[in-house]
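Engineer:
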Amino acid sequence: MDECRNPFIENFIKKLIEEKGEKLEPDAHERLVESLNRLLENMLGRNMVAALPEEVQSQFVSTYDKGSRDIDIEQISKIFNEYVSNPAEIMKKTLKEFAALYFKNR
Numbered sequence: 050m051d052e053c054r055n056p057f058i059e060n061f062i063k064k065l066i067e068e069k070g071e072k073l074e075p076d077a078h079e080r081l082v083e084s085l086n087r088l089l090e091n092m093l094g095r096n097m098v099a100a101l102p103e104e105v106q107s108q109f110v111s112t113y114d115k116g117s118r119d120i121d122i123e124q125i126s127k128i129f130n131e132y133v134s135n136p137a138e139i140m141k142k143t144l145k146e147f148a149a150l151y152f153k154n155r
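Each residue of the sequence shown is one higher than the one before, starting from 50 at the first, in my numbering.
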């Protein structure tokens, strides 16, 4: 497991793969988990940014639109904690949306 991955998200993805009945070699399974992890984290990030107030969202995008290497996770967490009132609901909605897309498209 990659140490940067969120264990909750990784377990969620592995459960989806299991429920879908995917039969993969270990290498292929790990690549699928990695790919789905990136997709889910991207969806979650987009949904969290969309939940920011418009003026904060605009500043956030201009500040952090440089690529993931320039992102300070602690600073981003502070912004989301301050301006997003319902992060658990956004996570729940995103997980449901992701699962629906996965089962529809695989």
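We treat Cβ as the ideally placed atom computed from N, Cα and C, and that holds for glycine.
I want to see whether chain B comes within less than 8 Å of M140, judged by CB atoms only; does it?
Structural biologist: Here there is only one protein chain, and chain B is not present.
Engineer: DSSP on D51, reduced to helix/strand/coil?
Structural biologist: Below a pLDDT of 50, predicted positions are generally treated as unreliable, and D51, at 48, falls in that range; the measurement from the model is reported next regardless. Correct three-state label for D51: coil.
Engineer: Express the C-alpha separation of A77 and E103 in angstroms, rounding to a whole number.
Structural biologist: For E103 and A77, the distance between alpha carbons rounds to 41 Å.
Engineer: Alpha carbons only, please: which of I139, N154 and F152 is nearest the one belonging to M92?
Structural biologist: Measuring from the Cα of M92, the nearest candidate turns out to be I139.
Engineer: What's the call for I58, buried or exposed, on a 16-neighbour Cβ count within 10 Å?
Structural biologist: Classification for I58: buried.
Engineer: Note the first and the last residue of the continuous alpha helix (DSSP H) segment covering E76.
Structural biologist: It should be noted that the sequence gives Asp, not Glu, for residue 76. Per DSSP, D76 belongs to the alpha helix (DSSP H) from P75 to A100.
Engineer: Please work out which residues of its chain come closer than 7 Å, Cβ to Cβ, to F109, disregarding the five sequence neighbours upstream and downstream, and give them in chain order.
Structural biologist: If we look at F109 and ignore the five residues flanking it on each side, its Cβ neighbours are V98, L101 and I128.
Engineer: Out of V133, F61, Q124 and E123, point me to the one whose CA is closest to L85's CA.
Structural biologist: Checking every option, the nearest Cα to that of L85 belongs to F61.
Engineer: Drop a sphere of 10 angstroms on the beta-carbon of F152, count the other beta-carbons inside from all chains shown, and report buried for 16 or more, exposed for fewer.
Structural biologist: Exposed: under 16 other Cβ atoms inside 10 Å.
Engineer: From E71, E67, E90 and P75, pick the residue whose C-alpha is nearest to that of P56; which is it?
Structural biologist: Nearest of E71, E67, E90 and P75 to P56, Cα basis: E90.
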